[in-house]
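In this note's numbering, the protein residues as written are 189 to 266.
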């Protein structure tokens with residue numbers, strides 16, 4: 189499977205979403221987010237904060253992924 193980056197699209201940055209094409213994907217993502225949040229409720233407050241921070245950090249890194257870019261993720265020593 190070949191992937192392209194969003195900035196490589198012909199109409200970037202003036203493209204439009206096909207709402208029908210992403211509806212099921214969005215529903216699946218929301219469902220999985222809800223399950224994750226539900227499982228996090230049983231964690232201590234500090235673990236919740238750490239999990240949220242890590243999720244947000246990985247989301248930002250992945251959404252800004254550029255070819256040949258070096259990415260470093262800091263992980264707190266245990």
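Note that beta-carbon positions come from the ideal geometry of N, C-alpha and C, so glycine has one too.
Distance between residue j and residue i (C-alpha atoms, nearest Å)
{"i": "residue 225", "j": "residue 234", "result": "14 Å"}
{"i": "residue 230", "j": "residue 217", "result": "21 Å"}
{"i": "residue 220", "j": "residue 249", "result": "20 Å"}
{"i": "residue 192", "j": "residue 205", "result": "16 Å"}
{"i": "residue 200", "j": "residue 232", "result": "43 Å"}
{"i": "residue 237", "j": "residue 222", "result": "16 Å"}
{"i": "residue 209", "j": "residue 242", "result": "29 Å"}
{"i": "residue 203", "j": "residue 190", "result": "20 Å"}
Spatially closest choice to residue i from the options, by CA coordinates
{"i": "residue 228", "options": "200, 240, 219", "result": "240"}
{"i": "residue 252", "options": "195, 211, 190", "result": "195"}
- Where are the alpha helix (DSSP H) runs, 4 residues long or more, that stay fully inside the region 211 to 254, in chain order? You should have 233 to 251.
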